[in-house]
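Working notes for the structure below.
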């Protein structure tokens, strides 16, 4: 709002407030509130407005960390927070006054506010201030083009804890469209459309494709309050989008590390982002260390957890305009992280950098009970790094009670996921149909997956055209003699081409 300074830059949209009754127009009331020259008490007494609100999950967390439990509950009761008053205080007059379905319909109009209402209040019930975690959902419900429900399963009869569902299909089959639809379904004000069988604290989209502008906040919805818990990371344009940066902020390992350090230093929960970061970095650089340059020198750390533990020594989030002429130490914002291996400077390859930026982006954003949507993780990654990616993602999801839905063209990805957790998109006659693979993909041979899941890979192949030319003017006996040194499977293909003539 105008003339307002935010107490925490990470919580610029801490609540949604509903005003009830009164004689003022909406525009006039908004103008009064925007000037910050009137209190809620005056709004109620002078202008005859009642009010009720729903704090965001981040808002609950902030209040819980800054105030004693009694003070927190008193504040939330005063501003008529729906979640706390309905679930903890349970004052009879409040329940009777605000029991009509219109109130939850207007306040809990997306999956994030629903999550805050159902679980955020438990910050003030837990003795240790820990984040409350739901069990991750066993499926996510989507709707096909005929509005029939379809389950994207997160578990299988194999009883393997890999909370990932993979979407595959030819280019143009509708994978990006479906992911975009899942996003809009989750933030919809229509409870019937939004009902996926679960609620999430936040949604994170991680895209590795060129055409990902459809995921930018402005292209998802014009209703900004619905995007309070929406985060989009574009790895191709190297930008990060959320409610604070609707036009995107430049990605770097250092900028993402700033977020991780701030989170682990100020928020308590059942996992630490710095610890997760240590685990995935070891996959790329065993026995690594790294340094951060400051205005006073260079600091070397043996782990990201160590950096978090030394918060305050290097002020990563300092405002340079305020401290550049003082003696306060601050990290140089234009310098990225320098990695070391065996005490020698280590330069990341493009694939290693892509892997770490993906992991840093995910870990710096994820919270308990998140929904992760990923487009084509295989891009830029060597097969060994791709398997590391799926392995690391699985452990992150387990540690945070989260789930992921992933669009891919990789047989290696499908090998890591049970058949029941894979959906093939087939588009015919302008209708996309969903089906599961015919074979068990988990641990299967990738060649078999390519044949049975990805379909016809031979009809347009250049090698088939050349084999056809070889077989064209020779008899089978001549082919057997002349090409006897070829591998048997190649020779068989030549013979089959000859027989098909």
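Numbering (this note's numbering), first residue to last: 126 to 626. Beta carbons: idealized from backbone N, C-alpha and C, even for Gly. Given the structure is predicted, the values throughout are model-derived calculations rather than measurements.
Query: Residue burial classification, residue 495 (beta-carbon count within 10 angstroms, cutoff 16); Result: buried
Query: Where residue 573 falls, given that 16 or more other Cβ within 10 Å makes a residue buried; Result: exposed
Query: Where residue 222 falls: helix, strand or coil (DSSP); Result: helix
Query: Length of the line joining the Cα atoms of residue 621 and residue 477; Result: 43 Å
Query: Helix, strand or coil at residue 245 according to DSSP, with G and I counted as helix; Result: helix
Query: Three-way DSSP call (helix, strand, coil) for residue 210 in this model; Result: helix
Query: Assumed close pair residue 519, residue 289 - CB separation to whole angstroms, cut-off 8 Å; Result: 7 Å
Query: Boundaries (first-last residue) of the alpha helix (DSSP H) holding residue 476; Result: 475 to 490
Query: Three-pair Cβ contact test at 8 Å for the stretch 149 to 163 versus the stretch 171 to 179; Result: yes
Query: Whole-number beta carbon distance between residue 484 and residue 405, since they are thought to touch under 8 Å; Result: 4 Å
Query: Separation of residue 456 from residue 442, as counted between CA atoms; Result: At residue 442 the pLDDT is 49, less than 50, meaning the model places this residue with poor confidence and gives no usable figure here.
Query: Cβ-Cβ distance between residue 548 and residue 277 below 8 Å; Result: yes
Query: Whole alpha helix (DSSP H) elements within the stretch 585 to 620, 4-residue minimum; Result: 587 to 597, 601 to 607
Query: Contact check, residue 464 vs residue 514, beta carbons under 8 Å; Result: no
Query: Alpha carbon of residue 331 to alpha carbon of residue 357, nearest angstrom; Result: 6 Å
Query: Residues that residue 551 bridges to, as DSSP identifies them; Result: 558
Query: Those residues which DSSP pairs with residue 178 across a bridge; Result: 142, 206
Query: Sub-8 Å separation of residue 510 and residue 292 beta-carbons; Result: no
Query: Residue 294: first and last residue of the uninterrupted alpha helix (DSSP H) it sits in; Result: From DSSP, residue 294 is part of no alpha helix (DSSP H); its letter is neither H nor E.
Query: Backbone secondary structure at residue 425 - three-state DSSP; Result: strand
Query: Residue range of the unbroken alpha helix (DSSP H) whose run includes residue 529; Result: Taken as a continuous stretch (DSSP letters only), residue 529 belongs to no alpha helix (DSSP H), being part of the beta strand (DSSP E) at 528 to 532.
Query: Close beta carbons around residue 363, own chain, < 7 Å, minus the five adjacent residues each side; Result: 375, 376
Query: Assigned secondary structure, residue 371 (DSSP; H/G/I helix, E/B strand, else coil); Result: coil
Query: Supposed close pair residue 177, residue 143 - CB separation, criterion 8 Å; Result: 5 Å
Query: Within 8 Å, strictly: CB atoms of residue 341 and residue 302; Result: no
Query: Alpha carbon of residue 372 to alpha carbon of residue 333, nearest angstrom; Result: 18 Å
Query: Cross-strand partners of residue 357 (DSSP beta bridge); Result: 330, 366
Query: Exposed unless 16 or more other CB atoms sit within 10 angstroms - verdict on residue 612; Result: exposed
Query: Own chain partners of residue 352 with C-beta closer than 6 Å, once the 5 adjacent residues on each side are dropped; Result: 342, 368
Query: Simplified DSSP assignment, three categories, for residue 535; Result: coil
Query: From 229, 166, 244, 221, residue whose alpha carbon lies closest to that of residue 183; Result: 244
Query: Cα-Cα separation, residue 231 to residue 225; Result: 11 Å
Query: For residue 554 and residue 475, the rounded distance between their alpha carbons; Result: 41 Å
Query: Chain-order list of residues whose beta-carbon lies under 6 Å from that of residue 149 (same chain, five-residue window excluded); Result: 172
Query: Simplified DSSP state of residue 272, which is helix, strand or coil; Result: coil
Query: Cβ separation of residue 537 and residue 557, assumed to be a contact under 8 Å, to the nearest whole Å; Result: Going by Cβ atoms, the distance from residue 537 to residue 557 rounds to 25 Å, so no, they are not a contact pair.
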